[in-house]
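Trainee: Have a look at this one before I ask anything.
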Amino acid sequence: MMTKQKGVTLIEMLIAIAIIGVLTAIAYPSYQSYVLKGHRTQAMGDMIKVQLNLEEHFTQNSNYNSPVISGSNCTICDTDSNRYAFSISSATGSYTITATAKSDKGQNQDECGNLTLNQNGTGTPASCW
């Protein structure tokens, strides 16, 4: 009488690994896209927080020279500092907030790249806002 062996053959194992590889190759780029978009959305929200802070500072001091951004770091932002560097350029009666995508964690691969927001609430690139 023959005994029946239990287990997985090499062919079955290779098929299972191939299926997992194909699923991973399809899913990973989508996952990366969602991660980049999530960090971009966080940076845009932080830019709006900075804008509100600048407007409050202007109301109290008649200028947009708020210390909310020091160097390239934002003191009131939640954005990962390895993803975006923030800056403000201000003139009399106007300002532009810029979030520069960094390459540290690949944020510069995001389709929108660098983001700006001005005193009128106009953001660029417009398709991303």
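Residues 1 to 129 in the numbering used here are what the sequence shown lists, from first letter to last. Note that beta-carbon positions come from the ideal geometry of N, C-alpha and C, so glycine has one too.
#1: Is the distance from the Cβ of T96 to the Cβ of N118 below 8 Å?
#2: Would you call D78 buried or exposed, if buried means 16 or more other Cβ atoms sit within 10 Å of its Cβ?
#3: Let me know if M13 comes out buried or exposed under the rule of 16 or more other beta-carbons within 10 Å of its beta-carbon.
#4: Can you have a look at N82 and say buried or exposed, based on whether 16 or more other CB atoms are within 10 angstroms of its CB?
#5: May I have the straight-line CA-CA distance separating L10 from I17, to the nearest angstrom?
#6: Looking only at its own chain, which residues have a Cβ that is under 8 Å from the Cβ of K123, when we skip the five neighbours before and after it?
Mentor: Put simply:
#1: Residue mapping note: residue 96 aligns to position 96 of the sequence shown, counting from 1. Residue mapping note: residue 118 aligns to position 118 of the sequence shown, counting from 1. Yes, the Cβ-Cβ distance between T96 and N118 is below 8 Å.
#2: Walking along the sequence shown from the start, residue 78 turns up at place 78. Exposed is the call here.
#3: Walking along the sequence shown from the start, residue 13 turns up at place 13. When all chains shown are included, M13 counts as exposed.
#4: One-based indexing of the sequence shown puts residue 82 at position 82. With fewer than 16 other Cβ atoms within 10 Å, it is exposed.
#5: If you number the sequence shown from 1, residue 10 lands on position 10. If you number the sequence shown from 1, residue 17 lands on position 17. Those two C-alpha atoms are separated by around 11 Å.
#6: Within the sequence shown, the letter at position 123 stands for residue 123. Checking the displayed sequence, the identity of residue 123 turns out to be Gly instead of Lys. Cβ within range, chain order: M44, M47, L115, T116, L117 and W129.
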